[in-house]
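Q: Below is a structure I'd like to ask you about.
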Amino acid sequence: MIKITNLNFQNQTIENIEVDGEDIHEVELKLTKTLFKITLVKAGVSIQKQIKKKGIVDEVVDVVLEPIIEPVIERIIEPVIEEIPVIEEISVMEEIPIIEKIPVIEEIPNIEEIPVMEEISVEEVPFMEEIPIIETITLGKMKELLKEHIPKPNTLDSYVRTIRQVHEHFKIDDMRVLLSTKEQDIICYLESNYTNNSTIKSKLCSVFKAYKILEIEGNLFKQRIDFYATKQTLKQEETKQENKKSVDEGDKIISHFKNHLKDLGKKIQNDTTENDNSMLNNWSIEVQLFCVLKLYLTYGVIRSSELMNCLITDNDCDDNTNYINVNKKQIVINNHKNDRKGKKIIDINDNKLLGILRKGIGRFLVTTQQGELYQSSSAFSKVFMKYFEHNVYDLRKAISSKCVSEGNIEEIKKLEHVQGHDLKTILEFYNVYSK
Numbered sequence: 002m003i004k005i006t007n008l009n010f011q012n013q014t015i016e017n018i019e020v021d022g023e024d025i026h027e028v029e030l031k032l033t034k035t036l037f038k039i040t041l042v043k044a045g046v047s048i049q050k051q052i053k054k055k056g057i058v059d060e061v062v063d064v065v066l067e068p069i070i071e072p073v074i075e076r077i078i079e080p081v082i083e084e085i086p087v088i089e090e091i092s093v094m095e096e097i098p099i100i101e102k103i104p105v106i107e108e109i110p111n112i113e114e115i116p117v118m119e120e121i122s123v124e125e126v127p128f129m130e131e132i133p134i135i136e137t138i139t140l141g142k143m144k145e146l147l148k149e150h151i152p153k154p155n156t157l158d159s160y161v162r163t164i165r166q167v168h169e170h171f172k173i174d175d176m177r178v179l180l181s182t183k184e185q186d187i188i189c190y191l192e193s194n195y196t197n198n199s200t201i202k203s204k205l206c207s208v209f210k211a212y213k214i215l216e217i218e219g220n221l222f223k224q225r226i227d228f229y230a231t232k233q234t235l236k237q238e239e240t241k242q243e244n245k246k247s248v249d250e251g252d253k254i255i256s257h258f259k260n261h262l263k264d265l266g267k268k269i270q271n272d273t274t275e276n277d278n279s280m281l282n283n284w285s286i287e288v289q290l291f292c293v294l295k296l297y298l299t300y301g302v303i304r305s306s307e308l309m310n311c312l313i314t315d316n317d318c319d320d321n322t323n324y325i326n327v328n329k330k331q332i333v334i335n336n337h338k339n340d341r342k343g344k345k346i347i348d349i350n351d352n353k354l355l356g357i358l359r360k361g362i363g364r365f366l367v368t369t370q371q372g373e374l375y376q377s378s379s380a381f382s383k384v385f386m387k388y389f390e391h392n393v394y395d396l397r398k399a400i401s402s403k404c405v406s407e408g409n410i411e412e413i414k415k416l417e418h419v420q421g422h423d424l425k426t427i428l429e430f431y432n433v434y435s436k
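Each residue of the sequence shown is one higher than the last, beginning at 2 in our numbering.
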């Protein structure tokens with residue numbers, strides 16, 4: 002039995018509740034202005050009763066209720082019913098942003114309008130790029146552009162020298178104007194100053210490089226370069242047999258250089274005892290030429306351009322430097338005519354040469370008498386010619402011819418590697434002493 006004292010719907014108050022029972026576990030009350038509801042849990046069973054104000058006249062009443070055990074199903078169903086709105090509200094709240102309806106995709110067309118602006122700017126870019134056409138390309142500026150496009154120092158020096166020659170002859174400051182308006186005149190000028198087909202072709206190629214850098218057509222130059230290339234090939238075939246010389250003549254050249262090497266060795270040896278290694282300590286021209294000639298006669302004629310910037314060291318250098326590592330007994334040539342094939346390494350097995358090279362650690366293999374680097378390979382070749390009465394290519398031809406005539410395949414392969422060209426090139430250009 003449940004006894005309720007002074008139940009007041011208006012004020013929503015209850016003075017007292019008495020419940021008969023010993024095993025009541027939980028009591029839950031709910032009182033509004035129109036409804037009073039009580040729920041008890043007894044012996045694991047929910048007991049529920051409610052009173053509605055409708056039909057009650059007095060503001061304050063006393064009520065006695067007989068408990069009615071209602072099926073648990075009602076307890077289960079009612080909370081579900083009460084919680085359903087909560088779930089629905091949560092669902093509604095989650096869907097409030099209605100992400101699917103957010104006009105992100107719908108607004109993309111507005112973003113797609115941006116390419117209209119981009120297309121306008123793209124159309125205008127060429128006009129900005131054409132502004133440099135107005136810029137005056139001086140000889141100095143042309144030299145800078147050539148330097149950016151020509152990595153080889155010797156080739157750069159040759160090209161700049163020819164372009165300077167043309168610039169000084171025509172006396173037009175703007176190289177763009179000069180090349181655009183005087184194409185035929187430049188060709189005639191170069192052809193009138195030289196007679197050798199190879200030289201003329203080389204001069205034309207030097208100037209044509211400037212045409213390509215400045216994006217000037219230069220069709221006349223193309224035609225004349227092709228003309229001289231064909232003419233040069235025909236001349237080479239015509240004179241190939243005429244240029245052949247006897248094997249004995251080639252051997253004499255090699256013997257001539259060997260005698261010079263012997264004399265230089267004696268001179269250095271005498272200086273060691275008489276002047277306390279003065280020549281070695283000062284890395285004199287004689288010591289330099291001894292090392293170069295020893296390398297040439299032992300391993301093959303390395304190009305002058307590969308040796309003139311060659312540093313003597315006792316450790317490895319970076320990949321932009323040519324150097325001789327005396328500890329590893331190697332010449333490492335990173336910069337060479339065929340450097341697209343990678344670095345060229347030449348092993349040194351001559352202990353006497355290595356001993357002399359150790360005296361030059363920290364120095365370059367060849368320098369001027371003032372201790373400065375040669376500005377070009379031709380400058381070094383002049384010094385070589387002065388001391389030995391033959392140029393570097395005379396020795397290269399003699400050594401190549403001797404190697405081919407002996408027919409030692411292994412030695413020919415070594416020569417190809419050291420001198421930087423294949424057997425076909427050796428046979429065509431350097432196998433001169435073969436009669």
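We put the CB at the ideal spot given by N, CA and C, even for glycine.
Going by Cα to Cα distance, which pick from Tyr212, Asn260, Tyr229 and Leu147 is closest to Ser199?
A: Nearest of Tyr212, Asn260, Tyr229 and Leu147 to Ser199, Cα basis: Tyr229.
Q: Tell me whether Gln13 sits in a helix, a strand or coil according to DSSP, three-state version.
A: Gln13: coil per DSSP, three-state reduction.
Q: Report the three-state DSSP secondary structure of Val433 (helix, strand or coil).
A: The answer is coil: DSSP assigns Val433 none of H, G, I, E or B.
Q: Quick check on Ile286: does DSSP put it in helix, strand or coil?
A: Helix.
Q: Residues in its own chain within less than 7 Å of Asp317 by CB, not counting five upstream and five downstream?
A: Closer than 7 Å at the Cβ level, and outside the excluded window around Asp317, lie Asn326.
Q: Would you identify the three-state DSSP class for Pro104, choosing helix, strand or coil?
A: With a pLDDT of 47 at Pro104, under the threshold of 50, the predicted position of this residue should be treated as unreliable, and no value is reported.
Q: Could you check which residue in Glu250, Thr322, Asn12 and Lys338 has the C-alpha nearest to that of Asp395?
A: Comparing Cα positions, the closest option is Glu250.
Q: Answer yes if the stretch 364-380 comes into contact with the stretch 339-347, meaning at least three C-beta pairs across the two stretches below 8 Å, and no otherwise.
A: Cβ pair count under 8 Å is below three, so no.
Q: Tell me whether the stretch 181-188 and the stretch 137-150 touch, counting them as touching only if at least three CB pairs, one residue from each stretch, are closer than 8 Å.
A: Verdict: no, contact absent.
Q: Let me know the secondary structure DSSP gives Glu19 once reduced to three states.
A: Correct three-state label for Glu19: strand.
Q: Give every residue of the same chain whose Cβ lies closer than 7 Å to the Cβ of Leu32, excluding the five residues on either side of it in the sequence, and list them in chain order.
A: Excluding sequence neighbours, Leu32 sits near Gln13 and Ile15.
Q: Could you give the first and the last residue of the continuous alpha helix (DSSP H) run that contains Asn198?
A: From DSSP, the alpha helix (DSSP H) with Asn198 extends over Asn198 to Ile214.
Q: Should Tyr388 be labelled buried (16 or more other beta-carbon atoms within 10 Å of its own) or exposed?
A: When all chains shown are included, Tyr388 counts as exposed.
Q: Quick one, which of Val167, Asn283 and Ile332 has its alpha-carbon nearest Ile269's?
A: Selected option, being the one with the closest Cα: Asn283.
Q: Do you know offhand how far Lys232's Cα is from Ile173's?
A: Taking the straight line joining both Cα atoms gives about 32 Å.
Q: Just checking my contact of Val393 with Val302 at CB under 8 Å: how many whole Å lie between their CB atoms?
A: Right, the Cβ-Cβ distance comes to about 6 Å (below 8 Å), so this counts as a contact.
Q: Using CA atoms only, rank isn't needed, just tell me which of Ser401, Lys236 and Pro154 is closest to His422.
A: The option with the nearest alpha carbon to His422 is Ser401.
Q: Starting from Asp186, follow the alpha helix (DSSP H) in both directions and report where the run begins and ends.
A: Start and end: Glu184 to Asn194.
Q: Can you give me the Cβ contacts of Lys236 inside the same chain, cut-off strictly under 8 Å, excluding the 5 residues immediately before and after it?
A: Same-chain partners within the cutoff: Asn198.
Q: Using a threshold of 9 Å, state whether the C-beta atoms of Asp158 and Ser377 are closer than that.
A: Taking 9 Å as the Cβ cut-off, Asp158 and Ser377 qualify as a contacting pair.
Q: Could you tell me the alpha carbon to alpha carbon distance between Gln11 and Ile5, rounded to whole angstroms?
A: Taking the straight line from one Cα to the other gives about 16 Å.
Q: Can you tell me where the alpha helix (DSSP H) holding Val302 begins and where it ends?
A: Neither: Val302 is in no alpha helix (DSSP H) and is coded neither H nor E.
Q: Name the one or two DSSP bridge partners that Phe381 has.
A: DSSP lists no partner for Phe381.
Q: Quick check on the DSSP output: the alpha helix (DSSP H) that includes Gln49 runs from which residue to which?
A: Where Gln49 is concerned, there is no enclosing alpha helix (DSSP H), although the beta strand (DSSP E) it sits in stretches over Val46 to Lys53.
Q: Can you check whether the CB of Ser203 is closer than 9 Å to the CB of Thr163?
A: Their beta carbons are under 9 Å apart, which means Thr163 touches Ser203 by this criterion.
Q: Mind checking who Phe37 pairs with in its DSSP beta bridge?
A: Leu32 and Ile52.
Q: Report the three-state DSSP secondary structure of Lys253 (helix, strand or coil).
A: Helix.
Q: Where do the N-terminal and C-terminal ends of the alpha helix (DSSP H) with Val419 fall, by residue?
A: Ile410 to Gln420 is the extent of the alpha helix (DSSP H) around Val419.
Q: What does the Cβ neighbour count give for Ile82, buried or exposed, with the cut at 16 atoms within 10 Å?
A: Note that Ile82 scores 38 on pLDDT, short of 50, meaning its location in the model is unreliable; the coordinates nonetheless yield the value given after this. The residue is exposed, with fewer than 16 neighbouring Cβ atoms inside 10 Å.
Q: Enumerate in chain order the residues of its own chain whose CB-to-CB distance from Leu428 is below 8 Å, with the five nearest sequence positions on each side excluded.
A: Excluding residues within five positions, the ones whose Cβ falls inside 8 Å are Val405.
Q: Can you name the start and end residues of the beta strand (DSSP E) that Thr137 belongs to?
A: Premise fails: Thr137 is in no beta strand (DSSP E) and is neither H nor E.
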